[in-house]
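In the working numbering, the protein residues as written are 19 to 534.
C-beta atoms are modelled at their ideal positions from N, C-alpha and C, and glycine is treated no differently.
Just below is one structure, and these are the notes that go with it.
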Ligand SMILES: Cc1cc2nc3c(=O)[nH]c(=O)nc-3n(C[C@H](O)[C@H](O)[C@H](O)COP(=O)(O)OP(=O)(O)OC[C@H]3O[C@@H](n4cnc5c(N)ncnc54)[C@H](O)[C@@H]3O)c2cc1C
């Protein structure tokens, strides 16, 4: 038996890709070397455009447990400098404070609902490729076996075995000059500022919550998440502490060095699992290629970087949303030539931008008087709304524009959050995209586009409706919710019709025979 797609790794990115492929009509198998879900929690939240992307799959509601759509965050932080986002007209920064463990749980539930087979305790150990597929060696609970697959995706994390077996280099830098200690703790209630939710540290002063706070001696974070209060420090040029797990005393001493004041930290309340972790140094690396013939890389397997500003899941989950429909199209046989290669041409620049801004932020939080001066300059620059918007676009990933040709401003960008009046009543575009089907939105006054889909009806759904006056008249939306073509014209003239057919062909292949 040949499997259509094997995914190595049931981390967030492997699971998300499995969901996307299933929505595209492919049943992947996911291999996960760990026999049980990990107890480790990495991310404390989702930051950026990924929040909108999850809303467009109905996953935001599952994560929040409510029906409210996402709203932009009024504030965030860049390199431990506050970003006042509420003053922006078009604020692109979304956030959702939810532990990575919960994200993985929701994605796993969804993948299982969609019929994905997840094999836990099955480790990929080898692979060989030929023209038609990949033979994958696996060690499972009952011993070694092989599986044949048409495509393999390595979503197996930063140390990706898949990447190494394909001989794909992972150039970049490793820094070993910083040590971070993070722990769930309790702090005396009288030190918590009722108005801001931040801390008033005796002998130091106020510290806002959920913000990186830099001093001349290091970085301090106080983050009272609903799931536990996190305190984290980062110091530079210190002994890393070896492999010994840290103690709460280690954290107390580090806080004293960073703030120059004592903060009485107590052990965490409740059942846990509680975090007490030391991380030394870090890697910033980008895979030389995201694809080697029938093997593709996604998520941390393709790129690693500092976690500052929380960009990891924003990048990785959007990789998989970009890849899923293209891989499904390739397997169904309707992908236009080169579509699968656009995974790398579209997503590598996104990864490069993350590498750039995380390295820039790392430079801006380092100790030293030159850095303090640089920060003073940045603080001045951030008073300008345009600079704040530029940084917010960069950090949220809203500045990504795929090269899809066309001259409409929306082409190549994520579709706007429209509410459409349809014959079934008002509906948010984010509700229509949950099937992950390509959509042609006909918002023209007289529903002028009905005939335009002839030849693509098997692949593309037509939605007729009305939207607000500033909305475009028509939009072709890819399954990843990026705009492939848009028009402001109330009628489809010959030129617009040709452009639409060109966009349909470029994204979804040649038209099929009469009637589609
Ligand atoms: C301390 C820390 C804090 C972070 N904070 C944030 C944050 O706030 N926001 C954010 O967005 N991101 C954050 N990140 C980054 C985020 O955690 C990662 O980007 C994310 O985990 C990557 O997911 P992944 O699925 O690509 O890889 P992973 O989560 O590493 O999953 C890979 C999976 O593959 C499995 N695997 C490995 N090898 C094999 C094999 N040979 N066969 C089968 N299975 C295999 C592993 O067991 C694992 O389950 C943080 C990271 C760290 C370390």
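I'd like to check one pair, residue j with residue i: are the Cβ atoms closer than 9 Å?
i, j, result
"residue 447", "residue 428", "no"
"residue 455", "residue 497", "yes"
"residue 468", "residue 508", "no"
"residue 48", "residue 129", "yes"
"residue 224", "residue 214", "yes"
"residue 242", "residue 227", "yes"
"residue 309", "residue 267", "no"
"residue 518", "residue 485", "no"
"residue 74", "residue 452", "yes"
"residue 201", "residue 293", "yes"
"residue 58", "residue 28", "no"
"residue 146", "residue 157", "no"
"residue 286", "residue 203", "yes"
"residue 77", "residue 125", "yes"
"residue 525", "residue 42", "no"
If you draw a straight line from the alpha carbon of residue i to that of residue j, how long is it in whole angstroms?
i, j, result
"residue 433", "residue 441", "21 Å"
"residue 178", "residue 141", "12 Å"
"residue 85", "residue 392", "43 Å"
"residue 297", "residue 122", "22 Å"
"residue 327", "residue 303", "17 Å"
"residue 499", "residue 430", "10 Å"
"residue 216", "residue 362", "42 Å"
"residue 182", "residue 144", "10 Å"
"residue 523", "residue 423", "13 Å"
"residue 377", "residue 102", "22 Å"
"residue 45", "residue 32", "13 Å"
"residue 339", "residue 23", "15 Å"
"residue 199", "residue 119", "20 Å"
"residue 290", "residue 211", "25 Å"
"residue 150", "residue 21", "12 Å"
"residue 1", "residue 457", "One cannot answer for residue 1 here, as it falls past the ends of the chain, which runs 19 to 534."
"residue 372", "residue 300", "15 Å"
"residue 470", "residue 501", "17 Å"
"residue 139", "residue 312", "24 Å"
"residue 164", "residue 341", "25 Å"
Buried or exposed: residue i, going by 16 or more other Cβ atoms within 10 Å of its Cβ?
i, result
"residue 229", "buried"
"residue 414", "buried"
"residue 397", "exposed"
"residue 264", "buried"
"residue 364", "buried"
"residue 381", "exposed"
"residue 34", "buried"
"residue 19", "exposed"
"residue 112", "buried"
"residue 83", "exposed"
"residue 135", "exposed"
"residue 279", "exposed"
"residue 463", "exposed"
"residue 104", "exposed"
"residue 329", "buried"
"residue 231", "buried"
"residue 262", "exposed"
"residue 30", "buried"
"residue 527", "buried"
"residue 39", "buried"
Pop quiz: residue i and residue j are said to be a contact at Cβ under 8 Å. What is the actual Cβ separation, rounded to whole angstroms?
i, j, result
"residue 68", "residue 335", "5 Å"
"residue 306", "residue 190", "Between residue 190 and residue 306 the Cβ distance is about 10 Å, and since that is not below 8 Å, they are no contact."
"residue 62", "residue 115", "7 Å"
"residue 529", "residue 443", "Not quite, the Cβ-Cβ distance comes to about 32 Å (not below 8 Å), so this is no contact."
"residue 521", "residue 494", "6 Å"
"residue 492", "residue 461", "6 Å"
How about the stretch 471–489 and the stretch 400–408: do they share at least three Cβ pairs that are nearer than 8 Å?
no
When the Cβ atoms of the stretch 166–178 are set against those of the stretch 307–323, are three or more pairs found closer than 8 Å?
yes
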